[in-house]
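Undergrad: I have a structure I would like to understand better, so I am pasting it below and will then ask my questions one at a time.
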Amino acid sequence: MSLPVAKLWLIPALPFLAAVIGAVLPHSGRKLAAGFSIGAMALALLLSLDAFLSVFLYAGFVTYKIPTADGSLTSLCVVEYPAQFFNFTWFNLGHGAVQLGWLLDPLTALMCVMVTFVGLLIFVFSTGYMRDDARAKQFFCFLSLFAAAMLGLIIANSLLLLFVCWELVGLASYLLIGFWFQKPEAAAAAKKAFITTRIGDLGLLLGLLWLYDSTGTLLLYDDGKGVLEPAVLAGLGGSTAIGLLIFCGAVGKSGQFPLHVWLPDAMEGPTPVSALIHAATMVAAGVFLMARVFPLLTPDALTVIAFTGAITALLGALIACAQHDLKRILAFSTVSQLGYMMLAIGVGSWVAAIFHLLTHAFFKALLFLGAGSVIHAAHHEQDIRSLGGLRGQMRVTFATFAVGTMALAGVPFLFSGFWSKEAILHAAHGWGVSQIPLYVGLSAVVLTAFYMTRLVAETFFGTPRSDHAAHAHESPAVMIVPLVLLAACAVLLSLLAWPSPWLQHLLDPISAANDHTDGFGLMALSIMLVAVGLAAGWFVYGRKPREKPAAADPLAARAPRVFAFLAARMKFDELYAATFGRAADAFAASADALDRHIWDGVVRLLTRLGRFTGLVNREADEEGLNAGFDATSDSLRKTGQAYSRAQTGDAHGYLLMIAFGFVVLVFAVLVGGAR
89 MSLPVAKLWL
99 IPALPFLAAV
109 IGAVLPHSGR
119 KLAAGFSIGA
129 MALALLLSLD
139 AFLSVFLYAG
149 FVTYKIPTAD
159 GSLTSLCVVE
169 YPAQFFNFTW
179 FNLGHGAVQL
189 GWLLDPLTAL
199 MCVMVTFVGL
209 LIFVFSTGYM
219 RDDARAKQFF
229 CFLSLFAAAM
239 LGLIIANSLL
249 LLFVCWELVG
259 LASYLLIGFW
269 FQKPEAAAAA
279 KKAFITTRIG
289 DLGLLLGLLW
299 LYDSTGTLLL
309 YDDGKGVLEP
319 AVLAGLGGST
329 AIGLLIFCGA
339 VGKSGQFPLH
349 VWLPDAMEGP
359 TPVSALIHAA
369 TMVAAGVFLM
379 ARVFPLLTPD
389 ALTVIAFTGA
399 ITALLGALIA
409 CAQHDLKRIL
419 AFSTVSQLGY
429 MMLAIGVGSW
439 VAAIFHLLTH
449 AFFKALLFLG
459 AGSVIHAAHH
469 EQDIRSLGGL
479 RGQMRVTFAT
489 FAVGTMALAG
499 VPFLFSGFWS
509 KEAILHAAHG
519 WGVSQIPLYV
529 GLSAVVLTAF
539 YMTRLVAETF
549 FGTPRSDHAA
559 HAHESPAVMI
569 VPLVLLAACA
579 VLLSLLAWPS
589 PWLQHLLDPI
599 SAANDHTDGF
609 GLMALSIMLV
619 AVGLAAGWFV
629 YGRKPREKPA
639 AADPLAARAP
649 RVFAFLAARM
659 KFDELYAATF
669 GRAADAFAAS
679 ADALDRHIWD
689 GVVRLLTRLG
699 RFTGLVNREA
709 DEEGLNAGFD
719 ATSDSLRKTG
729 QAYSRAQTGD
739 AHGYLLMIAF
749 GFVVLVFAVL
759 VGGAR
C-alpha cells in the first residue's frame, strides 16, 4: 500500500511528535525519550521507503525527439517519474490565500530515505555515546526536532513552507551545537553558526520575496501555475538575481566560501550532532535547495555557483591537511565535499550533485561516528597527535573507518565515493564555459586522499602516544552496529552505480540518454591522482609514525609558514574579526557614543525642560490659582460665618427685626412721597 502524497506530512510529523513528547518528559525519562525518538525515526523510514516505491508506481513511458550528431531528430522512449503534489489553503489573506503543500518526486523520495536511514543509525549510536550525559533527554528531543525540520524541508511543495522548516533547522542546529553550553567554546560556536547562517538566510528571504512579487506564488507545482513549471518560468524576470539570492541561503547552510567559517566550529557539539549536521541534514539542505530550484537558475547564476563550489572544494581540502583535531579534519573535509556538490550544480549536473550528496551522507556519517567511537574510547581525546596505535585495540572501528576513508578518497571501484566524484568531474569536463572548476576538482582529489591517509596513519598506526590512547578499547555494540551498517552502505551504493548509472536514469532520464561522453581518460587520471595522494600521505605519515605527541609534524618541518597558515584556517576568522568584526565594534561604539553623548544629552535637556515647566506650573498653580481660590473661599467662608452668627434661632428677635425693618421702609416711603 503506497503512501498517498496527501499523507506525506506524516514523515516529518513522527519525529516532531517525538520531540514534543521528549520535551514534556521528566529529566529521569532519558531512556523513554531515546525510545520515542528511535521509534519515530524507524516509522518515518518505513513511510519514506513506501513513498520511494510509490514513485515507481506513477512512472510512465514518454517519447522525446532528440537531435543526433548529423542534426536530424530521433525518437527516444524513456521512463518518466512525474511529480505528485498536494496543495491546500493555509489561511485567507485579503482577496487571496496562502497555500502550502507536499511534493513527492524522485528527489524527495531519495532524500527522505537517506535522512531517515542515516538519522536512525545516528540516533541508535547516540544511546551509547550519550549514556552518561545528565541531559540526554533534551539531547534526543533536539535531535528529533532537527530531523523533523529537515524532513519537512524536503517534502515541501511551497517555498514558504521550505523557508519555515529551513529556519527550524537553523534553530535546532543552534540548540545542538551549543548543547554543552557550559563550555564557552560550545556557546560561542552555537552563536557563530546561528549568526553566520542568518546572513545567508537574509539573501534567501529577499530572493523568495522577489520571486513572489514576480510570479504571485511560492508553490513549486500547481497545475501549470507553480514557479518551476514552464508557463511561469517563461515570463519570469530577474531570474539571475533571484537565483543568486536563493544561492546565498545555500552558501550559509552548506558552508560555502565565504560563509564556511561556522562549519568547523560546529564540532564543539556532541559527535552524533557533528554526524547529523555534516552528513544527513543541515549541510545537505543547501545542496538540496539548489537542486530543487535548478530550473530557476540562469547560466550566469550557474557560473557563479560553479566557481564558488570550486573555491570551497580546494579551500576546505587545503585547510584539512594541517588540522590536528580529529573532528575538525572531517569538518573541513565536509566543506570541501560540499564544494564539489555546488560545483556539480554550477556546471549543470544537479543529478551528480545529489548522487554525491547521497553517497557522502553515508560515508561521512560513518567517519564521524567512527571518530566518535575513537573519542569515546580514548576518554574524549581527539587530538591525533595524542592518539596512535588504535588499530589493534579497536579493530572494528578501524576497519569501518578505513572503508569510509576509501569512499571519501575515491578509491576505485568498490566504494561509492569514487562513482559520485567521477560523475562530478565528468560533468565539469563537459562544461563549455571554463575548465578551471575541473582543474580545481582534480587538485582537491589529490589533497583529499592525502589528508585522509594522514588522519588514518596518525590515529590508528604506530604506537599509542598518550595514556588515553594506550587504554582505549572497542566501543559497545550499540555504537559498533551503526558503523558496520554504514560501511556496508558505502560499498553497496557503489554496486548500484556500477556498471549502470541508475540514479541518473531515475532522476534525469533525458540527460542520461544524451550522455555519450567517453570519459575513460579522465577516470584514469582521477585514479592516478588518488593513488598519488594516498602514496604521499603514507610516505609522509605512515612510513614512520611519530612517537611522541610533541614531535613536529612532518609537513610543518618542511614548510612551517605554509603549514602554520593552513593550521590557522587561512586566517579567515582573524580577517573577519579585523574587518567585519571591527566594523561591527566601531558601529556599536558609535551607537553607544550617540546614545551617551547625543541622545542621552537630548533626553537630559528634555528632562530639565520638563522639570522647569513643572516648576513654573507649580508656582502658577500654588501662587496664582490656588492662592486666588483660597482667598475667595476665605471671603465666602467669613461671610457665611457672619451670616451664621446672625441666625440666632430666637423668634422674638426675628419679629423685632421685621418690625424695625417695616418702620424703616414706611418712613422711607413717606419721606420720598413728601418730596
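Start counting the sequence shown at 89; every next residue gets the next number (this note's numbering).
Glycine is no exception: its CB is placed at the ideal position from the N, C-alpha and C atoms.
Values in this document were obtained by computation on a predicted structure and should not be read as measured data.
Beta carbon of Leu133, beta carbon of Thr215: below 9 angstroms?
TA: No.
Undergrad: Contact between the region 479-495 and the region 390-401 is defined here as three or more beta-carbon pairs at a separation below 8 angstroms; is this criterion met?
TA: No: the two stretches stay apart, fewer than three of their Cβ pairs being nearer than 8 angstroms.
Undergrad: Leaving out the 5 sequence neighbours to the left and right, which residues in its chain are closer than 7 angstroms to Ser588 when beta-carbon positions are compared?
TA: Residue placement at Ser588 cannot be trusted, given a pLDDT of 47 that sits under 50; what the coordinates show is reported in the next sentence. Excluding sequence neighbours, Ser588 sits near nothing in its chain.
Undergrad: Helix, strand or coil for Val491? Go by DSSP, reduced to three states.
TA: Of the three classes helix, strand and coil, the one that applies to Val491 here is helix, per DSSP.
Undergrad: Within the continuous beta strand (DSSP E) that includes Asn705, where are the two ends?
TA: Element bounds for Asn705: not the beta strand (DSSP E) but the alpha helix (DSSP H), 688-707.
Undergrad: Could you give the DSSP three-state label for Phe179: helix, strand or coil?
TA: In this structure, Phe179 counts as strand in the three-state DSSP scheme.
Undergrad: Within the region 363-431, note down every full beta strand (DSSP E) run reaching 3 residues or more, in order along the chain.
TA: Counting only runs of 3 or more, we get nothing.
Undergrad: In the structure shown, what three-state DSSP assignment does Ala465 receive?
TA: In the structure shown, Ala465 sits in a helix (DSSP, three-state: H, G or I).
Undergrad: Straight-line CA distance for Val704 to Gly712?
TA: Straight-line Cα distance between these residues: approximately 11 angstroms.
Undergrad: Please report the Cβ distance between Leu377 and Ala338, rounded to the nearest whole angstrom; I am assuming they are in contact, meaning their Cβ atoms lie under 8 angstroms.
TA: With 8 angstroms as the limit, Leu377 and Ala338 qualify as a contact, their Cβ atoms being about 5 angstroms apart.
Undergrad: Let's test the definition: count the other Cβ atoms within 10 Å of the Cβ of Leu264 and tell me whether it reaches 16, buried, or not, exposed.
TA: Looking at its Cβ environment, which holds 16 or more other Cβ atoms inside 10 Å, Leu264 is buried.
Undergrad: At what residue ranges does the region 188-236 contain a whole run of the alpha helix (DSSP H), taking only runs of 4 or more?
TA: For the region 188-236, whole alpha helix (DSSP H) runs of length 4 or above, ordered along the chain, are 194-217.
Undergrad: Bridge partners for Ser246 per DSSP, in chain order?
TA: Beta-bridge pairing links Ser246 to Leu307.
Undergrad: Could you give the C-beta distance for Ala363 and Ala453, rounded to a whole number, given that I count them as a contact under 8 angstroms?
TA: Confirmed, Cβ separation roughly 5 angstroms.
Undergrad: Assign Glu546 to buried or exposed, taking buried as 16 or more other Cβ atoms, counted over all protein chains shown, within 10 Å of its Cβ.
TA: Buried: at least 16 other Cβ atoms inside 10 Å.
Undergrad: Can you give me the start and stop residues for the alpha helix (DSSP H) that Thr551 sits inside?
TA: Run containing Thr551: none; DSSP gives neither H nor E here.
Undergrad: Ile598 to Leu191, Cα distance in whole Å?
TA: At Ile598 the pLDDT is 46, less than 50, meaning the model places this residue with poor confidence and gives no usable figure here.
Undergrad: Going by Cα to Cα distance, which pick from Ala644, Leu583, Ala557, Pro387 is closest to Phe503?
TA: Here the closest residue by C-alpha is Leu583.
Undergrad: Would the region 97-108 and the region 217-236 be scored as touching if the rule is three or more Cβ pairs under 8 angstroms?
TA: Output reads yes: the region 217-236 touches the region 97-108.
Undergrad: Classify Asp301 as helix, strand or coil using the three-state DSSP reduction.
TA: If DSSP states are grouped into helix, strand and coil, Asp301 belongs with the helices.
Undergrad: Using only CA atoms, which one of Ala449, Met494, Ala681 lies nearest to Leu622?
TA: Per the Cα distances, Met494.
Undergrad: Let's test the definition: count the other Cβ atoms within 10 Å of the Cβ of His561 and tell me whether it reaches 16, buried, or not, exposed.
TA: It counts as exposed.
Undergrad: Can you tell me which residues form a DSSP beta bridge with Asp471?
TA: Asp413.
Undergrad: Counting along the chain, where does the alpha helix (DSSP H) carrying Ala319 start and finish?
TA: From DSSP, the alpha helix (DSSP H) with Ala319 extends over 318-321.
Undergrad: DSSP three-state call for Val315: helix, strand or coil?
TA: Of the three classes helix, strand and coil, the one that applies to Val315 here is coil, per DSSP.
Undergrad: Measuring alpha carbon to alpha carbon, tell me which of Ile407, Gln481, Gly698 ends up nearest Ile417.
TA: When only C-alpha atoms are compared, the closest one is Ile407.
Undergrad: Between Gly374 and Ser678, what straight-line distance do the alpha-carbon atoms span, to the nearest angstrom?
TA: Each residue's Cα considered, the two are about 36 angstroms apart.
Undergrad: Do you know whose CA, among Pro642, Gly325, Val691, Lys636, lies nearest Ala624's CA?
TA: With distances taken between Cα atoms, Ala624 lies closest to Pro642.
Undergrad: Which same chain residues, not among the five before or five after Tyr300, have their C-beta less than 6 angstroms away from its C-beta?
TA: Contacts found: Leu306.
Undergrad: Can you say whether Thr359 is buried or exposed, counting buried as having 16 or more other CB atoms within 10 angstroms of its CB?
TA: Classification for Thr359: buried.
Undergrad: Between which residues of its own chain and Thr541 is the CB-CB distance below 6 angstroms, once the five residues before and five after are set aside?
TA: Answer for Thr541: Leu622, Gly625, Trp626, listed in chain order.
Undergrad: DSSP three-state call for Val349: helix, strand or coil?
TA: Three-state result, Val349: coil.
Undergrad: Quick check on DSSP: helix, strand or coil for Gly184?
TA: Strand at Gly184.
Undergrad: Under 8 angstroms Cβ to Cβ from Leu613, same chain only, skipping five residues before and after it: list those, please.
TA: The residues are Leu530.
Undergrad: In whole angstroms, what is the alpha-carbon distance linking Trp519 and Gly436?
TA: The straight-line gap from Cα to Cα measures roughly 8 angstroms.
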